[in-house]
Every structure is written in C-alpha cells, then in structure tokens.
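Q:
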Amino acid sequence: MDTRTSESSAGTYVCGRSLEDFLKAIENFHGWKAPGMMLGGFMVDLAQRQIGPDVEADAIVETCHCLPDAVQIFTPCTVGNGWLKILDWDKFALSLYDRRKLTGHRVSLDLEKTRAFPNLYNWYMRRVPKKDLPLEVLHKTILEAKTAVLSSRAISVTRLNTRKKKGETDICSGCGEAYPTNQGRQCTACQGDGYYEFD
Ligand SMILES: [Zn+2]
Numbered sequence: 000m001d002t003r004t005s006e007s008s009a010g011t012y013v014c015g016r017s018l019e020d021f022l023k024a025i026e027n028f029h030g031w032k033a034p035g036m037m038l039g040g041f042m043v044d045l046a047q048r049q050i051g052p053d054v055e056a057d058a059i060v061e062t063c064h065c066l067p068d069a070v071q072i073f074t075p076c077t078v079g080n081g082w083l084k085i086l087d088w089d090k091f092a093l094s095l096y097d098r099r100k101l102t103g104h105r106v107s108l109d110l111e112k113t114r115a116f117p118n119l120y121n122w123y124m125r126r127v128p129k130k131d132l133p134l135e136v137l138h139k140t141i142l143e144a145k146t147a148v149l150s151s152r153a154i155s156v157t158r159l160n161t162r163k164k165k166g167e168t169d170i171c172s173g174c175g176e177a178y179p180t181n182q183g184r185q186c187t188a189c190q191g192d193g194y195y196e197f198d
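Each residue of the sequence shown is one higher than the last, beginning at 0 in numbering that gives the first Met the number 0.
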C-alpha cells in the first residue's frame, strides 16, 4: 500500500509540519539538509500515517545513518528514552509499532521505485561521484519523489520490543565507578574491553 503525503491548499504537510518547517527542523538538528534525513523524514511521515494518529509507537531503524536522527526529530522516540532501537544493518528502513500490541508498519526505500527518479537511485547506489550530483539537484528530486520511492508493509514485531531494565549496581574494584554487576566481577573496561586509556 502506498499512501501519498497529504496535500492541502496550504501546501504539503510532512510529519505534521509545513514543508518549510520540516526542512528547517532537519537543518537545525542535523546541521545540514542531508538527503538521507529528508528521505528519512518522508519515511517517518508514511509510517505515522499507516499506524494512525493515536498510537503510542516505538521505533526500530535498520541503519546508523540518518534514520535515527529522522526518528528523533519527528517522533517522541529517542535513543535516550529507549523507545528507539538502532540496528547496524545499513538498510534504509524503519518501523514504527504500537508498543503494546506490537503491530505496526515497516517503511523502506524501494529501489525499484527509485528507478523512476534516477538521481535518487544513483545517489543511494553511489553510481555517480558527488561532484556530478549537486545537493540542490538531489534535494529537488527527493521533494518531487516524496513517498513515491517508499514501500510500506504491516508487521508484527517479534523481537527487540522489550525495554532494557536496569539490573543490580555495584562499585567496580578496578576503577571505583558504579557498574552493573551482570558484567562480572569488574566493569567491562577493567576486564580489558574498554575503548580508552587514560593519558
Ligand atoms: Zn572498572
């Protein structure tokens, strides 16, 4: 099923905002109008329309690039509140689902549909060097395409829906910092799996 972004006499609304506000929100949060963020915004918009307005939704995104930010701007789900989960699969797809019923919609970039928008296809598949595909051109294509390059399917979530609970906490004998005891006798860093050395 393919739902188009709604049009009204006032123009296009994306994620409940005017197109201008939508683009401004991306630029403010992300620093620039990244094409992936714009596409991501349309993906969130489509998913929100599919699941309907009164659903308390959790989110799962399938790439670390751009989509997590799109979800954090345009939904109440963030990494920090635990309602957004990020899979490092490098697939341009996201799901919003009812956190109680575990039903929702997965929206993905549909490569077949992007063939009607060669700039988008070439950008996503990295078929042309950046210098040959100016950002303004790509922006224009994305705004033409809107949700027309996306596919959406109803899903039931079968995993990853549980929210992390905090376990027991103790003081690490190595570093003296508080850590969850399920990591073992000492914290992960003191067991040798840290990512830093002190200078
Ligand atoms: Zn420690």
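Even for Gly, the Cβ is constructed at its ideal location relative to N, Cα and C.
Remember, predicted model here, so these are calculated numbers, not experimental data.
Would you tell me roughly how many angstroms separate the C-alpha atoms of L38 and Y195, rounded to the nearest one?
A: Taking the first residue of the sequence shown as position 1, residue 38 is located at position 39. Taking the first residue of the sequence shown as position 1, residue 195 is located at position 196. In a straight line, the C-alpha of L38 is about 36 angstroms away from that of Y195.
Q: Quick one: grab the DSSP three-state call for V127.
A: Residue numbering aside, residue 127 sits at position 128 when the sequence shown is read from its first letter. Looking at V127 - three-state DSSP - the assignment turns out to be coil, as it is neither helix nor strand.
Q: Classify N118: buried if its beta carbon has 16 or more other beta carbons within 10 angstroms, exposed otherwise.
A: Residue mapping note: residue 118 aligns to position 119 of the sequence shown, counting from 1. Counting Cβ neighbours within 10 Å, N118 comes out buried, since at least 16 surround it.
Q: Classify R105: buried if its beta carbon has 16 or more other beta carbons within 10 angstroms, exposed otherwise.
A: The sequence position of residue 105 within the sequence shown is 106, counting from 1. Classification for R105: buried.
Q: Excluding the 5 residues flanking R98 on each side, which residues of the same chain have their C-beta closer than 6 angstroms to its C-beta?
A: Residue mapping note: residue 98 aligns to position 99 of the sequence shown, counting from 1. Once the five neighbours on either side are set aside, the close Cβ partners of R98 are E55 and D57.
Q: For P34, report the span of its alpha helix (DSSP H) as first-last.
A: Taking the sequence shown and counting its residues from 1, the one referred to as residue 34 is at position 35. Element bounds for P34: P34 to I50.
Q: Could you tell me if L134 is buried or exposed, where buried requires 16 or more neighbouring beta carbons within 10 angstroms of its beta carbon?
A: Position 135 of the sequence shown, counted from the start, is the residue given in the question as residue 134. With fewer than 16 Cβ atoms within 10 Å of its Cβ, L134 is classed as exposed.
Q: For ligand 1, is there any heavy atom lying closer than 8 angstroms to the beta carbon of E167?
A: Taking the sequence shown and counting its residues from 1, one reaches residue 167 at position 168. E167 Cβ: outside cutoff for every heavy atom of ligand 1.
Q: Roughly how many angstroms separate the alpha carbons of P34 and Q49, rounded to a whole number?
A: In the sequence shown, residue 34 corresponds to position 35, counting from 1. In the sequence shown, residue 49 corresponds to position 50, counting from 1. Their backbone Cα atoms lie some 23 angstroms apart in a straight line.
Q: For A56, which three-state DSSP category applies?
A: The sequence position of residue 56 within the sequence shown is 57, counting from 1. Strand.
Q: At a cut-off of 8 angstroms, is G103 close to ligand 1 when judged by its beta-carbon and the heavy atoms of the ligand?
A: Locating residue 103 in the sequence shown gives position 104, counting from the first residue. Not under cutoff, so the answer is no.
Q: Output the distance between the C-alpha atoms of Q182 and E176, rounded to the nearest integer angstrom.
A: What you label residue 182 is simply residue 183 of the sequence shown in a count that begins at 1. What you label residue 176 is simply residue 177 of the sequence shown in a count that begins at 1. For Q182 and E176, the distance between alpha carbons rounds to 13 angstroms.
Q: With a CB to CB cut of under 6 angstroms and the five nearest residues on each side skipped, what residues in its chain are close to I25?
A: Within the sequence shown, numbered from 1, the residue matching residue 25 stands at position 26. These residues qualify, in order along the chain: K32 and M36.
Q: Below 8 angstroms, can you find three or more Cβ-Cβ pairs linking the region 107-118 to the region 131-151?
A: Yes: at least three Cβ pairs fall under 8 angstroms.
Q: By DSSP, does A115 sit in helix, in strand, or in coil?
A: What you label residue 115 is simply residue 116 of the sequence shown in a count that begins at 1. The answer is coil: DSSP assigns A115 none of H, G, I, E or B.
Q: Taking the Cβ atom as the reference point for each residue, do V156 and L101 lie within a distance shorter than 9 angstroms?
A: On the sequence shown, residue 156 is found 157 positions in, with the first residue counted as 1. On the sequence shown, residue 101 is found 102 positions in, with the first residue counted as 1. Going by C-beta atoms, V156 is nearer than 9 angstroms to L101.
Q: Opposite A177 in the DSSP bridges: which residues?
A: What you label residue 177 is simply residue 178 of the sequence shown in a count that begins at 1. Answer is I170, bridged to A177.
Q: Here's a check: name, in chain order, each residue in its chain whose Cβ is nearer than 8 angstroms to the Cβ of W88, leaving out the five neighbours to either side.
A: The residue given as residue 88 occupies position 89 in the sequence shown. Contacts found: E61 and T62.
Q: With respect to the alpha helix (DSSP H) encompassing K90, which residues constitute its N-terminal and C-terminal limits?
A: Position 91 of the sequence shown, counting from 1, holds the residue named residue 90. K90 -> no alpha helix (DSSP H), and no H or E assigned at all.
Q: Return yes when at least one heavy atom of ligand 1 lies under 8 angstroms from the C-beta of C65, else no.
A: Working through the sequence shown from its first residue, we reach residue 65 at position 66. Not under cutoff, so the answer is no.
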